[in-house]
Every structure is written in C-alpha cells, then in structure tokens.
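S.K.: Protein chains in written order, with my numbering: chain A, -17 to 311; chain B, 47 to 549.
Provided herewith is a single structure, encoded as structure tokens, for subsequent inquiry.
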Ligand SMILES: Nc1ncnc2c1ncn2[C@@H]1O[C@H](COP(=O)(O)OP(=O)(O)OP(=O)(O)O)[C@@H](O)[C@H]1O
Ligand SMILES: [Mg+2]
C-alpha cells in the first residue's frame, strides 16, 4: 500500500518534473542560506512572482490554444501608465481615493481591448500569432513612449501606493490576488467548456472544426484574458513602485514563457496545465530570490536559469520519451 | 528437420505499457520467401509486435533472432541495417517534403561538401515509383497527394533497402482495388526474391489469397499458427474472436419515413457537379465509387465544410444553407471523416474528451463540464463498440488504430444525429467489430435515422445499404436498390462504363 502511494507520487513527479525541481530548489536554498526558510521570505517570493505569475496564467491558456503572446510586457507598461496617469486627471480631482477606480478600470479595459485586438487579427488574417504579437509588442511599446513622453508617471494618491502593503491574515494582498487568479484560471481551463475546447483547438485544429467548435472566438477570448491579466499585473506592479515607467515590463514575455514552458506546456499547443505553470512560476521565483540571498551576481542568475530551463526540458523529454514515441501523432 | 532457417524469429516477447500488457509471451517467425499473415482484433498487439521487431520498442522480455543469431535492436536504424523494414499502419511522412525526400529521408544521396545529389535522388525514386505503377513524379509534395498515393510513398521507402524481412501493417486500408493489385505484385516479387513478408490486415480475402501461414494474436497472447491452405475463414475467426461470425446479409425492406435530406443539382467544382438524391428516414444509402469520385467532397459539402457553387440542400423539405459544421450539427447532420488522425481526433486528449467533443457544451452542470455525464456517454459507447482501452483517461494517441476509429464513430453516434454520414467507416477495423458497426448502422436506420455510407469496399456497400448510388468523376451514374444490384453492374457504374456515360 505504502509502496503503491509512493509509486503514484513518483509517477506524478515524472509527469510533472517541475514540481520535483521546485522541491529540490526549496530544500537546497533552505539548507544553503539563513534567510530563505522564513515566512517573511515566502511572502516576498509570492509577491515578487505575482506579476510574472499572473501573466503566465494567461500565457498557459494562449499556448495550449496553439498561439503565443509576445506583447504582454508592453501591454503591462501601457496599462500601468494609464492606471497612474488617469487617477491624476482633473475631472477626478474631487473624487478622493475613488479616483483610483476609474483609473484601474480603464487600465484593465486597455489590456482586454489590446488582447482582443491581437486575437481578432490572428483569427481573421490567419497570420501566425508569433508575428502578430511581435508587431503588437513593438507597436504598443512605442505607444507607451508616446503617451508618457519618455518619462515616468508618479502616483499622487497614497492609497494607491499603499495598496501593495496590505495583508489578509498572513497573506500579502498581491499574493492573494495571484493565488485567487490561479485557482480561477485553473478551473476555467480544466473544468469549463471553453477550457476543453481550447485544448482541442490547440491539439488538432481540423478535428476541432469538424466537431463544430468555433475556433476563432475561443482564441479571441484567450487573448482577451491574457490582455486582462497583463494589465492587472501592470496595475499591481505600479502600486508596488508608486509609479509607472516607460520601460516597465521589458523582457517579461521571456520570463513568462520560460515559466510556462518549465511547467510542461508545449509550444505546439494542446498540452499543459495550470498546476505545471504554477510550479514553473514558483521555481523561477525561488531561484531568483535564493540566488539573490546567496548574493550571486545578477548576470550569473541568467546563465543558471537558462541552463536549468534546458535541463528540465531535457528531463521531461527523457521521462516521457517512451510514451511519446508510441503516440501516433 | 528440413525446415529452412527462419529469416526472423521472435520468442516469448513481452511488452507492457502503463496499464496495458500489450504482448504476453508471443512467438512468431518468418521464413525466407514466405508471406506470413498476422491476425487479431483491434488492440490485440499486432502493431506493437511489429514495432518491437523494427526496433521502435524494446521488449520487456523475450529474444529476437535474425538468421539464427540473437540480436538486440534499439533503434529503427539498427533494424533497417539488419534488413528489417516496417511499413507503418499510420502514415509517417513529412507532409511538407516531396515524395523523393520522404523516400530517402535521412539518407539522401550526397555529392561533395554534403550537397544533396538531387539528380540521383529523383532518378532512383522515379524508378521505384514506376515499379509501383504510381503516376505522380517524385518531386510532388506529399501534402498534395491522396492518402492512397501517400501510402505508396510509404511503401516505396521500404524498397530502397536490401530487405530480409518487410512488414506491411495494414497497407491496403486506403488503397483502391487497382492499387491493391499493384501492391500484391510487389509482394509476390519480393517473395520470389526470398524476402520474408509479414502481412497484417483485417481483410480475410486478402489474407487468404496472399499468405502462406497465419498467426493469430488475441489480447496480446499467442493463439496459434495455421497453414493457410489447410484452414478456412471460420476457423481463423474463431481463433481470433472466440466465436463464429454471422455474416448473413439481412435485407429487410425498411419502414421508410419521410424524406429527411434532399439534394438538388448540387455542384462544387471541380469535385462534383449536378448531384441530386433524396434520403428518407430509416434507410441506409451507400455511395460507391473509386477514390476521387467526389464522394468525400460531397459529404464535406453537406457537412458545411465546403461551399457549393450551385444547387440546393433541403432538410425536412426546407431549403437550408449549411455554411459551417456547427450549422450542420445543429440541423442533425454528422460526419465521420475519412481520415481519423487528421480530421477526427485530438491525439493529445483522452478518450472521453474526444468522444464528447462536439457536445461538451451541452454536458454542463452550472459553469462546469459534468464529468459524470461525460463518463456515462463514454461508457455506453465503449461497451457498444467494444473499444479497448485501459480507462477513459488514456490518451487517444496510445490506442490501436482500429480503436481510434471506434472513438470517432462513437463520437458521432453519441450525438444521435438525424442524418449520419460515414466516410470509410470500417477502415482498419477487425472483422468482429466491423460486423458490429454494420449492425449498428442498420439498427440506427431501423430507429429512424437516415444513414449515408461512403465506402470503396464493395462487400461493405452491398452488405449495409438499402440503396446504392454509384458515382464516377463527380457525377451520379446509377442508382440501385439492394434487391436488384449485381456486382457487375456496380463495377460498370463506377468506372464510367455503360448507360451512356462517357468513359
Ligand atoms: N505507446 C503506447 N502506450 C500505451 N499503450 C499502448 C501503446 N501502444 C499500444 N498500446 C496498447 O497496446 C495494445 C495493442 O496495440 P496495437 O497497436 O499493437 O494493436 P493492433 O493489434 O495493432 O490493433 P489494430 O488492429 O487496431 O491496429 C492496445 O491496447 C493499445 O492501446
Ligand atoms: Mg495496428
């Protein structure tokens, strides 16, 4: 019996090598540094990863659906700029802390609209999402610079910049938002019709069409969700900094894709899940945090993360090779 | 003993997959110059055994002897170097590449500096293709070839090496009769050269004309080897499925209902033109013709995958435009497509999810998909179609070819359509299940469904249809009722002979 359960655990870990890796990293840093194993630090890790984590949730949807979104970093920056700028507009001057509401709403809306636009173009033109969102990434980043005039916006409302310091019990509010979103997207992907159809479209588009699934709307919805999450991430990041800078969110698309791929989602679509993505996000978060505590110079962190990415994917391939070989793809 | 040394011998092979004991101590041998047929139900382990032979799987136990010497083969290349070539059941070509590049994939002839020697390549490939009597040139891109021609490319691959043993895993599943004749010639050629042939098929007639011996597998275990000349279909079937099959044809004059589907002057250039017919509730209509006669395209048009450029479609007497599959599905039309892997299945999804894919939107409880409702549907059709899988969680990509096909059929049967169109429904399905599916189609008709069966197999069309519509070059040439049909007339009608149709 004990053998059986252990066996099931081993098999689960072989299918989700990232969680084995998370475990190893956790133990490693707990032993190697004094400050890693500490509730404060865990809170820190969750807050630090929440920005990348939120977008990674959306990226999982989009990638399972057979697409990719490279424009998330730029969308994040534009949403942050809106959130910080709009609350200072004269028309909301008398609103007190309520001025945050229209600002954040507008910022999130911007994310949804931009995501929807990406999705719409991919759907209607049939151009590869990689190309479409690469263009969007450049274009939106350009808009950010036009909008901000190449300088930063600062939040004048203290309620805004204090938000990120709030806690619910032991959980920082940013971590809480990330965890709630994780659960929500997990349920969306694993339990709803939209989630099921997203897998089908990414797995075999022709078969999905033949089953009467409307491919385009599903793709568009997923792009809107990732746009929303990128914008939300931008808003949260700007509350942490009390400002929005034009370079906010640079390279985020790379971190996000790394986390998602580490979590076992396939670039070819049709495969992946949120549990894996959550593991990938935690792995990156702990590595960055732990190496920071060990005072590893920042550039080595990149080298190490890059190597780990390749190593984990190699292990994944190795464990699952026999099974994949038999898959009549 | 005066027996020849077997070209290849397998002893006590065991192969397991998680949850499946696919091979359980199987013995098998091929003599030089022998055609040895391998028979068994879907999922019996035939393809797995051959993959062990071809170095794609490592057996958990057992030995492989080639020309009397024990060998271990860890890659397909090892096997190829030993002279063992496998022609896959599932096509494994690179669609974007030309036929020639596929034939010599990985071993393109070279010139200096590693440049590809295109001239030699095409000369060699054209030679092989002409031996196979193929009418396309070796620089055709594979994606543009019909499935039958792709199959020919796959076969051409095997002819590039000096083979000791060639394994054909259901090679005729998508070939026309004419192409089959060519293939059988090739097989007899190889045989005369002393090559050992393993031949897997679910078609008894082929097995009895072609093979010297027959080995039967059942549920992964070895059931025995028979000399073809000394046995008959009944004995083989009993060995294979444990009972005899009742293949008597039951033409009941069906209780015909109203016209459900009517097509008037439907055209879709260049595939078919001016097609008219009516389909009543309670009847099975067979569409018979050669590959390329336009039957698949007609089905796709009815299902909303193609836009017709003329004519009308009426459902229950009202003109409709089915512009998309979801339209067609909503009106009760379902299509089991011709090519399960590309058009029917999401191989990365499990059995249950594939089966319920078109109706998952209706199987919800609150915002979520109801797993229980899905499993209920899956269980029902798994039992009805005898689908062999360890559980509904198994990815469809791991099922045997025939069981994959059954998932597709189950998917559309479970939609309870009013008009069910099945395109080559029993391709790759074993005799027992084939009879089962035929019965099922008849049963559906008896319950008031209207069924269209597209098939290139004459016995199948004759067996299930109340009415047969013959097509040739995109046109309906003749209609037969089950009572009046003769094989000769049918052959004439599909080859454009007689009845004033120009050939
Ligand atoms: N890679 C794999 N992983 C898991 N199970 C597998 C794998 N390959 C085959 N199986 C299982 O092993 C059994 C034997 O499969 P196999 O493909 O050999 O059947 P087959 O006799 O060729 O059937 P068919 O006539 O349908 O082609 C099946 O139950 C199948 O589901
Ligand atoms: Mg097989």
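C-beta: ideal position from N, C-alpha, C; glycine also.
Check the C-beta distance from residue 10 (chain A) over to residue 98 (chain A) and give it rounded, since I have them as a contact under 8 Å.
M.R.: Going by Cβ atoms, the distance from residue 10 (chain A) to residue 98 (chain A) rounds to 42 Å, so no, they are not a contact pair.
S.K.: Going by DSSP in three states, residue 493 (chain B) sits in which element: helix, strand or coil?
M.R.: In the structure shown, residue 493 (chain B) sits in coil (DSSP, three-state: anything other than H, G, I, E or B).
S.K.: Can you tell me whether residue 495 (chain B) is buried or exposed? The criterion is at least 16 other CB atoms within 10 Å of its CB, across all chains shown.
M.R.: Burial call: buried.
S.K.: Residue 533 (chain B) by DSSP, collapsed to three states: which one?
M.R.: Three-state DSSP puts residue 533 (chain B) in a helix.
S.K.: For residue 178 (chain A) and chain B, any beta-carbon pair shorter than 7 Å?
M.R.: Yes, because at least one Cβ of chain B sits closer than 7 Å to the Cβ of residue 178 (chain A).
S.K.: Below 8 Å on C-beta distance, what does residue 244 (chain B) contact in chain A?
M.R.: Neighbours of residue 244 (chain B) on chain A: none; closest Cβ ~19 Å, over 8 Å.
S.K.: Output the boundary residues of the beta strand (DSSP E) element that contains residue 168 (chain A).
M.R.: Counting along the chain, residue 168 (chain A) falls outside any beta strand (DSSP E), though it belongs to the alpha helix (DSSP H) covering 155 to 173.
S.K.: Please compile the residues from chain B whose C-beta is within a distance smaller than 7 Å of the C-beta of residue 175 (chain A).
M.R.: Going along chain B in sequence order, the residues near residue 175 (chain A) (Cβ under 7 Å) are 406, 407, 410 and 415.
S.K.: Would you say residue 93 (chain B) touches ligand 1, meaning its beta carbon is less than 6 Å from a heavy atom?
M.R.: Yes.
S.K.: Would you kindly report the start and end of the unbroken alpha helix (DSSP H) that includes residue 4 (chain A)?
M.R.: It spans -1 to 14 - the alpha helix (DSSP H) in which residue 4 (chain A) sits, taken as one unbroken run.
S.K.: If you measure beta-carbon to beta-carbon, which residues of the region 384 to 404 of chain B are closer than 8 Å to chain A?
M.R.: Residues passing the 8 Å Cβ filter: 387, 388, 389, 390, 391, 392, 393, 394, 395, 399, 403 and 404.
S.K.: Quick one: any contact between the region 384 to 404 of chain B and the region 437 to 450 of chain B, if contact means 3 or more CB pairs under 8 Å?
M.R.: The region 384 to 404 of chain B is in contact with the region 437 to 450 of chain B.
S.K.: When you measure from the CB of residue 432 (chain B) to every non-hydrogen atom of ligand 1, does any distance come out below 6 Å?
M.R.: Residue 432 (chain B) Cβ: outside cutoff for every heavy atom of ligand 1.
S.K.: Would you decide whether residue -6 (chain A) is buried or exposed? Buried here means 16 or more other CB atoms lie within 10 Å of its CB.
M.R.: Exposed is the call here.
S.K.: For the putative contact between residue 477 (chain B) and residue 250 (chain B), defined by C-beta atoms under 8 Å, what is the C-beta separation to the nearest angstrom?
M.R.: At roughly 7 Å, the Cβ-Cβ gap stays under 8 Å, so residue 477 (chain B) and residue 250 (chain B) are in contact.
S.K.: Enumerated in chain order, which unbroken segments of the beta strand (DSSP E) with a length of 3 residues or greater are wholly contained in the region 99 to 147 of chain A?
M.R.: Fully enclosed beta strand (DSSP E) runs of 3 or longer: not present.
S.K.: Please compile the residues from chain A whose C-beta is within a distance smaller than 7 Å of the C-beta of residue 372 (chain B).
M.R.: 194 and 196, listed in chain order.
S.K.: Listing by chain order, which chain A residues have their CB less than 9 Å from the CB of residue 375 (chain B)?
M.R.: Going along chain A in sequence order, the residues near residue 375 (chain B) (Cβ under 9 Å) are 193 and 194.
S.K.: Residue 299 (chain A) touches chain B at which residues, Cβ-Cβ below 9 Å?
M.R.: Correct list: empty, because the minimum Cβ distance to chain B is about 16 Å.
S.K.: Would you call residue 300 (chain A) buried or exposed, if buried means 16 or more other Cβ atoms sit within 10 Å of its Cβ?
M.R.: Exposed, because fewer than 16 other Cβ atoms sit within 10 Å of the Cβ of residue 300 (chain A).
S.K.: Any beta-carbon of chain B closer than 7 Å to the one on residue 253 (chain A)?
M.R.: So yes, residue 253 (chain A) belongs to the interface.
S.K.: Taking 7 Å as the CB-CB cut-off, is residue 186 (chain A) touching chain B?
M.R.: Yes, residue 186 (chain A) lies at the interface with chain B (some Cβ there is under 7 Å from its Cβ).
S.K.: In this structure, does DSSP put residue 195 (chain B) in helix, strand or coil?
M.R.: Correct three-state label for residue 195 (chain B): helix.
S.K.: Are the CB atoms of residue 377 (chain B) and residue 359 (chain B) within a distance shorter than 7 Å?
M.R.: No; because the gap between Cβ atoms is not below 7 Å, this pair is not in contact.
S.K.: Please name the residue or residues paired with residue 517 (chain B) in a DSSP beta bridge.
M.R.: According to DSSP, which records beta bridges pairwise, residue 517 (chain B) is partnered with B:335 and B:522.
S.K.: What in chain B is Cβ-close to residue 189 (chain A), meaning under 7 Å?
M.R.: Going along chain B in sequence order, the residues near residue 189 (chain A) (Cβ under 7 Å) are 389, 390, 391 and 392.
S.K.: By DSSP's criteria, residue 318 (chain B) is part of a beta bridge. Which residues make up the other side?
M.R.: B:314.
S.K.: Per DSSP, what kind of secondary structure is residue 191 (chain A) in: helix, strand or coil?
M.R.: The answer is helix: DSSP assigns residue 191 (chain A) an H, G or I state.
S.K.: Considering only heavy atoms of ligand 2, does any lie closer than 6 Å to the CB of residue 135 (chain B)?
M.R.: Correct: residue 135 (chain B) has its Cβ closer than 6 Å to ligand 2.
S.K.: Kindly examine ligand 2 and report whether one of its heavy atoms sits closer than 6 Å to the Cβ of residue 89 (chain B).
M.R.: Residue 89 (chain B) Cβ: outside cutoff for every heavy atom of ligand 2.
S.K.: Please report the straight-line C-alpha distance between residue 455 (chain B) and residue 373 (chain B), rounded to a whole angstrom.
M.R.: Looking at the two C-alpha atoms, the distance is approximately 20 Å.
S.K.: Listing by chain order, which chain B residues have their CB less than 7 Å from the CB of residue 182 (chain A)?
M.R.: Correct list: 392, 395 and 403.
S.K.: Using a C-beta cutoff of 7 Å, does residue 309 (chain A) count as contacting chain B?
M.R.: Low confidence applies to residue 309 (chain A): its pLDDT is 45, below 50, so where it sits in the model is not reliable enough to give any reading.
S.K.: Would you say residue 98 (chain B) and residue 126 (chain B) are within 7 Å of each other, going by their C-beta atoms?
M.R.: No, they are not a contact pair.
S.K.: Could you check which residue in A:-11, A:1, A:-8 and A:-9 has the C-alpha nearest to that of residue 295 (chain A)?
M.R.: When each option's Cα is compared against that of residue 295 (chain A), the closest is A:1.
S.K.: Per DSSP, what are the beta-bridge partners of residue 267 (chain B) in this structure?
M.R.: BP columns for residue 267 (chain B) point to B:264.
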